[in-house]
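Protein chains in written order, with the working numbering: chain A, 24 to 292; chain B, -5 to 289.
Written out as structure tokens, the structure reads:
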């Protein structure tokens, strides 16, 4: 039995190493000279920072990373606020048309983005938001999934706290913003990670709605470097990919624990 | 006096509720619900986005019926799903079970390694694997050569391109689905396994009669979500092959994208999108039931 466990451990670690091998090749390749990029041996003499310098000087990847940050952070912050409000109203407050409203909101979950991308493009263009941050940000905020998970959370939230606040004379809105929202961290953390990564990852929508180069998000900018038709060297492309990967790598190591825990809150059993 | 206060509270409650819901009701109407209706409306028109729309009834749908390239893309989407979904399911469940049997220390090391690709975006994953798949000097071909095998074309071959892309998307998603499985396995009471052990059940038997049946809920969730994602796959394919070589990786969403934004056939592309919606409809309905059942 003991032997079996160590075999399992070795097997799992070897598979794990295979999983991270592509990332190893990304990191190493980004620091190699163009003619040695495919050379698997590690000679220190082949290492160079030229690729990284070239990416910084010849591409707009840094600007694109900033754009992605602006878009993802704004979408996430606004989404957390208004989805928490909507989820709270649906879980706690009584008003005419509640069941219908909830059913209607949740039914929008059935519409995959790719089905509505064409009319959405037209809507956003007619609102004059194409080729702007607004066009990149606003349509991505509305997502029934977020409302749904906030509602779930507030259904199980202890009522006593709110009742105490009402006795103190606090309004419903005041109770929500001052008392309930600050106590919603267990649901806000996993949803923030989810919204941020989904928007950081977004490629199709920014590609459709924005043609201005200075507003390109990082996924589009990177795809343009790769498919730009120039004879871009692999070493430079890998360097660009590595630089684009840094923000999410940092995030990953900060939130990994939450990612694992968040599965229990956001994943459905 | 008390009653008046109560009434005021009630009115206040209704007003607050609508105010809290307002941003989402407006947003969802404008950016999801209206586009959904509008997609169908546009699909009844001939429209190239520049000239005015011309109403043509169901002509776009009739044209689609004989559009071989469209049906080939639908077939390819099904093929993609047929390879990707079972592979993702089996691999993530397999590694969840393996990792669950490791000591805590090794378990968290292995988990981090499996989860790390999840930190990579779809476009970055496409770049990395285009490099690894390079037909002449790529890492994978160097490996194959060193073992004495012939080099493979990977993305350059009509037979291998789709499977090669499946591998990339698997690589990104196995870890995340694995931790969903691991979280559910941890909730299975330990006594079940101890009882099985006393009865002399093998590990495989315990998996088959305890773990697997108790994971039914998680399995359904993962299968439905993965299938919907797979029917709408786009990013990696767009970057790695743009549907080539010879349309061998042109899935439905990519074809719709090309019709809309490259050929500017907005009306026709909308008709295709409506049909794609109908194809995914049953899955979406199942997904919706999963969400509402829990609530």
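We put the CB at the ideal spot given by N, CA and C, even for glycine.
If you compare alpha carbons, which of the options is closest to residue i?
i	options	result
residue 57 of chain B	B:259, B:172, B:286, B:47	B:259
residue 74 of chain A	A:150, A:54, A:58	A:54
residue 262 of chain B	B:39, B:85, B:113, B:48	B:39
residue 31 of chain B	A:180, A:138, A:198	A:138
residue 237 of chain B	B:171, B:84, B:154, B:146	B:154
residue 157 of chain B	B:74, B:37, B:45, B:256	B:74
residue 100 of chain A	A:128, A:72, A:164, A:52	A:164
residue 178 of chain B	A:276, A:283, A:191	A:283
residue 208 of chain B	B:67, B:34, B:180, B:84	B:180
residue 16 of chain B	A:104, A:177, A:159	A:104
residue 60 of chain A	A:272, A:87, A:256, A:265	A:256
residue 196 of chain A	B:14, B:280, B:135	B:14
residue 209 of chain A	A:236, A:144, A:173, A:235	A:173
residue 164 of chain B	B:199, B:114, B:206, B:186	B:114
residue 183 of chain B	B:170, B:200, B:168, B:167	B:200
residue 70 of chain A	A:258, A:285, A:273	A:258
residue 95 of chain B	B:271, B:18, B:205, B:220	B:205
residue 221 of chain A	A:233, A:171, A:166	A:166
residue 106 of chain A	A:129, A:122, A:90	A:129
residue 99 of chain B	A:270, A:32, A:234	A:32
residue 227 of chain B	B:11, B:6, B:33, B:78	B:78
residue 265 of chain A	A:29, A:185, A:159, A:47	A:47
residue 216 of chain A	A:183, A:274, A:142	A:274
residue 81 of chain B	B:253, B:159, B:5	B:159
Considering only residues of the same chain and omitting the five flanking positions on each side of residue i, which have a CB-CB separation below 6 angstroms?
i	result
residue 162 of chain B	119, 123, 230
residue 62 of chain B	none
residue 250 of chain B	263, 266, 267
residue 212 of chain A	281
residue 122 of chain A	none
residue 270 of chain B	246
Leaving out five residues on either side along the sequence, give the residues of the same chain with a beta carbon under 7 angstroms from the beta carbon of residue i.
i	result
residue 40 of chain A	none
residue 71 of chain B	225, 245, 246
residue 37 of chain A	none
residue 296 of chain B	Residue 296 of chain B lies beyond the stretch modelled for chain B, which goes from -5 to 289, so this question has no answer here.
residue 85 of chain A	79
residue 188 of chain A	198, 202
For residue i, which three-state DSSP category applies?
i	result
residue 185 of chain B	helix
residue 0 of chain B	helix
residue 291 of chain A	Per-residue confidence for residue 291 of chain A stands at a pLDDT of 45, beneath the threshold of 50, marking its modelled position as unreliable; no derived number is given.
residue 66 of chain A	coil
residue 40 of chain B	strand
residue 55 of chain A	strand
residue 49 of chain B	strand
residue 195 of chain B	coil
residue 111 of chain B	helix
residue 261 of chain B	helix
residue 59 of chain B	helix
residue 134 of chain B	helix
residue 151 of chain B	coil
residue 289 of chain B	For residue 289 of chain B, the predicted model reports a pLDDT of 43, less than 50, meaning its position is unreliable; a value from the coordinates is still stated below. The answer is coil: DSSP assigns residue 289 of chain B none of H, G, I, E or B.
residue 39 of chain A	helix
residue 179 of chain A	coil
residue 99 of chain B	helix
Mind checking which residues open and close the alpha helix (DSSP H) that includes residue i?
i	result
residue 229 of chain B	229 to 234
residue 81 of chain A	73 to 81
residue 120 of chain B	116 to 126
residue 253 of chain B	First-last for residue 253 of chain B: undefined, no H or E at that position.
residue 68 of chain B	62 to 94
residue 26 of chain B	Counting along the chain, residue 26 of chain B falls outside any alpha helix (DSSP H), and DSSP gives it neither H nor E.
residue 161 of chain B	155 to 180
residue 223 of chain B	210 to 225
residue 205 of chain B	Unbroken run through residue 205 of chain B: none, as it is neither H nor E.
residue 241 of chain B	Premise fails: residue 241 of chain B is in no alpha helix (DSSP H) and is neither H nor E.
residue 104 of chain A	84 to 115
Near residue i, what residues of its chain come up, given a Cβ to Cβ distance below 8 angstroms and the 5 sequence neighbours on each side ignored?
i	result
residue 93 of chain B	101, 104, 105, 108, 172, 176
residue 130 of chain B	145
residue 116 of chain A	195
residue 83 of chain A	236, 237, 239, 244
residue 224 of chain A	242
residue 66 of chain B	241, 244
residue 289 of chain B	Low per-residue confidence applies at residue 289 of chain B: pLDDT is 43, beneath 50, and the placement is therefore not dependable enough to give any value.
residue 48 of chain B	39, 40, 41
residue 274 of chain B	222, 225, 226
Cβ of residue i within 7 angstroms of any heavy atom in the ligand GDP?
i	result
residue 281 of chain A	No copy of the ligand GDP appears in this structure; indeed no ligand is present at all.
Of all the alpha helix (DSSP H) runs that stay within the bounds of the segment 237 to 287 of chain A, which reach a length of 4 or more residues?
Within the segment 237 to 287 of chain A, the complete alpha helix (DSSP H) runs of at least 4 residues are 241 to 250.
4-residue-minimum alpha helix (DSSP H) runs that sit fully inside the segment 118 to 176 of chain A, ordered along the chain:
Counting whole runs of 4 or more residues, the segment 118 to 176 of chain A contains the alpha helix (DSSP H) stretches 121 to 130, 136 to 149, 156 to 164.
Entirely within the segment 189 to 241 of chain A and at least 4 residues each: give me those alpha helix (DSSP H) ranges in chain order.
With a minimum length of 4 residues, the continuous alpha helix (DSSP H) runs that stay inside the segment 189 to 241 of chain A are 195 to 198, 208 to 224, 227 to 232.
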